[in-house]
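Reading through the structure tokens given below for one structure.
Residue numbers (UniProt numbering), protein chains in the order written: chain A, 1 to 432; chain B, 1 to 432.
If you want it as structure tokens, here you go:
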């Protein structure tokens, strides 16, 4: 029936149950249901981990700091972020911070001096930091990548700056995140040919410099990032090279950048096939609820994306029946909650009509919808994981898609193909 | 010692203790300590009240809706408001809504249809609505006041509109606020001479039309607004006329508009001397923490002001030692909370340094400081009221001012004069 090997995602929920969120220098045995008939244990050596990881759905720092830099260009209407207390109440256990922005303010030296970002922002759970490379490339007008590192003009004052793998890792050591990302050579997902090959090979060469620079091997975990765009051979090359480094976990980068969904899921599937089954796999920058369900079935453990809160600011709420656009005039008379079955504070207190009348005008409304969307996603991941533990993943997935595409009455072909690869039968039919 | 007669402010705390926030058609006897040696009861007939009232420190709708209209002019950077859940947790029991903005969206007819604003925004405590006159005059380019009402151009689409006392009261009946404000003729505080006299007399003539139009006398309470600027004779005339209407409560309007502080407190004092001792007195648009302490001593029960949250957005936090400007560079190294003695969530979780690095860049920081400032004010009022019940008001006031002006080492003359009028001796000296 259902035999794809890698289903280690959403471990933090599992860990939470036993109240051992912070594991350090300890060997932990975690059981995952791998098919409907049989349970099997993975043996994790957590000696180099502070904890095992979660779906990253709480990029508070990412969103806000990024917006700070964008705001002079296009994003003047600052909308509401969530407080760390709210993220805690949402059972989020892993936040994402942008190294690039944190390095600018309050600064790596400062953060090191005050005992790291956890302490500074009073967040007692996990933090992941990116390498800073992505912001650098996307925010800078001038950017030149050489073997030594990346030369770019500061988006703040235009001065020339230089970032090497050693610099990125040093700053991430100062920040003290539980998961650090290796600096890689970032190119557009759909890039083909020589440039992609160069980027891929440089990413592989740089991983040794990243590892070499990492001074807190027993406290912080460094993930290499698998690159290679949508080129299977480059991905395989990159996978083989990075896997040989025996890292604490692995990220799949360079996706969700405009590629065809058929290419997207096949690359994810290739990576999860190759990557070690006893290490967490983090798919960067993904995604929509359906992406999470599909990729979790393909063996991904962690995700991050700004979509849930960005789309909330534009008035779109997640529901089990797909997206609800709160600005449509027909919403004005809907006195029910966004989702009848949702247990979040927004759904408990406010009607769709109230949100219709306030979204886009009161920042509080954006906040309420952001809160709902994060609740929805964390709850989705929790239930998805539980269904694996219970051996009911196939039912869960069928139920999810039957509801999710209720109005379209049609499942996209790429999802059908991906589910077939994951050996999950979609057996339902839509109601007429 | 201390014999000023009117100390009925902050009743809702008292009521809260007995868990009877919603009182309706019930006679309630409330005791207030009127001087240091003697307790005396006021007999309130609450038959026309839904509840007794609070310091209004939660103008969520006011702030946000107002900003919605302002935003195209000057206030593009929407910062964070608080959710009604947070206001509830702050023990706020009275919110202020702007009739003018609510009438525009979602509209009076709509609100009536869905059962009123309480239900629509899921707020189970009290709501106060203004008359709409202030926004009309302040937001409109064209505005002409006649005996019939106010003719003005809509700030939304420029079309000509007309607002009579009957219209304002009708909309407020539809909204269903616990406290409604009568439409008056609003002029600049510092206006002198004939125009002020006309405004004052028209306000008096209009009160009958306001009362006549009020269709829910047993469910909603209508406050007349005492006008007259800083002219004692006009104030007295207005007071005598309005008091004869035997309203549920009274507001003092037309202050905090740029007048001298010596004029300000003397007018407040005049009004509280004249107004009935068994009715709540609401001082509109006030104010700073020191204003609240002074005016409460002079006999005011209710206040509202946007200052606490507006100043938070600009990075100023309230403390017992006065204002703390979070953007000063010296704050970067301050790893303690805003106020060591504060019990709010912001002070429990975040350092001044953290706020320094985020205020003005992350809306979350504005939110955290707004939350702190509201907590500070509600706590200030709670303690102030408790000191009256305990017969320790004089100590409380001395302690407050000694801390509040710790750095200036000097109390403004107007406060000394006002405290003398309130028969409160300021006996402390500042530490050298």
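A virtual CB, placed ideally from N, CA and C, is assigned to each residue, including glycine. These numbers were taken from a predicted model, which means no experiment stands behind them.
DSSP beta-bridge partners of residue i
{"i": "residue 251 of chain B", "result": "B:225, B:282"}
{"i": "residue 303 of chain A", "result": "A:283"}
{"i": "residue 180 of chain A", "result": "A:129, A:222"}
{"i": "residue 152 of chain A", "result": "A:143, A:161"}
{"i": "residue 319 of chain A", "result": "A:322"}
{"i": "residue 519 of chain A", "result": "Given a span of 1 to 432 for chain A in the structure shown, any question on residue 519 of chain A remains unanswerable."}
Counted within 10 angstroms of its Cβ, other Cβ atoms place residue i as buried (16 or more) or exposed
{"i": "residue 125 of chain A", "result": "buried"}
{"i": "residue 146 of chain A", "result": "exposed"}
{"i": "residue 409 of chain A", "result": "exposed"}
{"i": "residue 279 of chain A", "result": "buried"}
{"i": "residue 44 of chain B", "result": "With a pLDDT of 28 at residue 44 of chain B, under the threshold of 50, the modelled position of that residue is not reliable, and the figure given next carries that caveat. With 16 or more Cβ atoms within 10 Å of its Cβ, residue 44 of chain B is classed as buried."}
{"i": "residue 93 of chain A", "result": "buried"}
{"i": "residue 152 of chain A", "result": "buried"}
{"i": "residue 307 of chain A", "result": "buried"}
{"i": "residue 162 of chain A", "result": "exposed"}
{"i": "residue 192 of chain A", "result": "exposed"}
{"i": "residue 336 of chain A", "result": "exposed"}
{"i": "residue 84 of chain B", "result": "buried"}
{"i": "residue 213 of chain A", "result": "buried"}
{"i": "residue 396 of chain A", "result": "buried"}
{"i": "residue 301 of chain A", "result": "buried"}
{"i": "residue 134 of chain B", "result": "buried"}
{"i": "residue 437 of chain A", "result": "Since the first residue of chain A shown is 1 and the last is 432, residue 437 of chain A is not available in this structure."}
{"i": "residue 217 of chain B", "result": "exposed"}
Sequence-distant residues of its chain with Cβ nearer than 6 Å to residue i (five each side left out)
{"i": "residue 202 of chain A", "result": "185"}
{"i": "residue 400 of chain B", "result": "293"}
{"i": "residue 132 of chain A", "result": "99, 100, 168"}
{"i": "residue 261 of chain B", "result": "414"}
{"i": "residue 428 of chain B", "result": "398, 402"}
{"i": "residue 177 of chain B", "result": "127, 128, 129"}
{"i": "residue 215 of chain A", "result": "173"}
{"i": "residue 298 of chain A", "result": "268, 269, 272, 422"}
{"i": "residue 331 of chain B", "result": "352, 356"}
{"i": "residue 220 of chain A", "result": "180"}
{"i": "residue 404 of chain A", "result": "322"}
Residue i: CB within 7 Å of a non-hydrogen atom of the ligand MG
{"i": "residue 128 of chain B", "result": "This structure simply doesn't include the ligand MG, nor any ligand for that matter."}
Contacts around residue i, its chain only, beta-carbon distance under 7 Å, and the 5 residues preceding and following it disregarded
{"i": "residue 187 of chain A", "result": "195, 196, 199"}
{"i": "residue 319 of chain A", "result": "338, 339"}
{"i": "residue 368 of chain B", "result": "346, 350, 355"}
{"i": "residue 245 of chain B", "result": "207, 211, 224"}
{"i": "residue 305 of chain A", "result": "285, 286, 287"}
{"i": "residue 232 of chain A", "result": "270"}
Close beta carbons around residue i, own chain, < 8 Å, minus the five adjacent residues each side
{"i": "residue 243 of chain A", "result": "250, 274, 275, 276"}
{"i": "residue 263 of chain A", "result": "230"}
{"i": "residue 102 of chain B", "result": "61, 65, 108, 111, 117, 129, 171, 175"}
{"i": "residue 189 of chain A", "result": "229, 230, 254, 255, 256, 257, 258, 259"}
Amino acids of chain E, ordered along the chain, whose beta-carbon sits closer than 7 Å to that of residue i
{"i": "residue 354 of chain A", "result": "Absent from the structure: chain E. Protein chains present are A and B."}
Practice task
Give a yes or no on contact between the stretch 274 to 287 of chain A and the stretch 238 to 246 of chain A, applying the rule of three or more CB pairs nearer than 8 Å.
Solution key: yes
Problem - Members of the stretch 109 to 122 of chain B that neighbour chain A once the beta carbon cut-off is set at 7 Å - result: 114, 120, 121, 122
Exercise for the section: Mind the definition here: the stretch 287 to 303 of chain B touches the stretch 324 to 331 of chain B only if three or more C-beta pairs lie below 8 Å; say whether that holds. Expected result: no
Problem - Members of the stretch 357 to 369 of chain A that neighbour chain B once the beta carbon cut-off is set at 7 Å - result: Within the stretch 357 to 369 of chain A, 357, 361, 362, 363, 364, 367, 368 place their CB atoms closer than 7 Å to a CB of chain B, listed in sequence order.
Practice task
Spell out a yes or no on whether the stretch 213 to 228 of chain B and the stretch 242 to 261 of chain B are touching, meaning 3 or more CB-CB pairs, one atom from each, closer than 8 Å.
Solution key: yes
Exercise for the section: Say whether the stretch 303 to 316 of chain A touches the stretch 365 to 378 of chain A, bearing in mind that this needs 3 or more beta-carbon pairs closer than 8 Å, one atom from each stretch. Expected result: yes
Exercise for the section: Return the residues of the stretch 322 to 352 of chain A that lie within a Cβ-Cβ distance of less than 8 Å from chain B, sorted by chain order. Expected result: Residues passing the 8 Å Cβ filter: 332, 335, 345, 349, 350, 351.
Problem - Contact set between the stretch 89 to 110 of chain B and chain A, restricted to residues whose Cβ is under 8 Å from the partner - result: 105, 106, 110
Practice task
Give the residues from the stretch 190 to 214 of chain B that approach chain A closer than 8 Å (Cβ to any Cβ), ordered along the chain.
Solution key: none
Practice task
Select from the stretch 287 to 315 of chain A all residues with a C-beta closer than 8 Å to any C-beta belonging to chain B, and list them in chain order.
Solution key: Against chain B - using a Cβ distance shorter than 8 Å - the stretch 287 to 315 of chain A contributes no residues.
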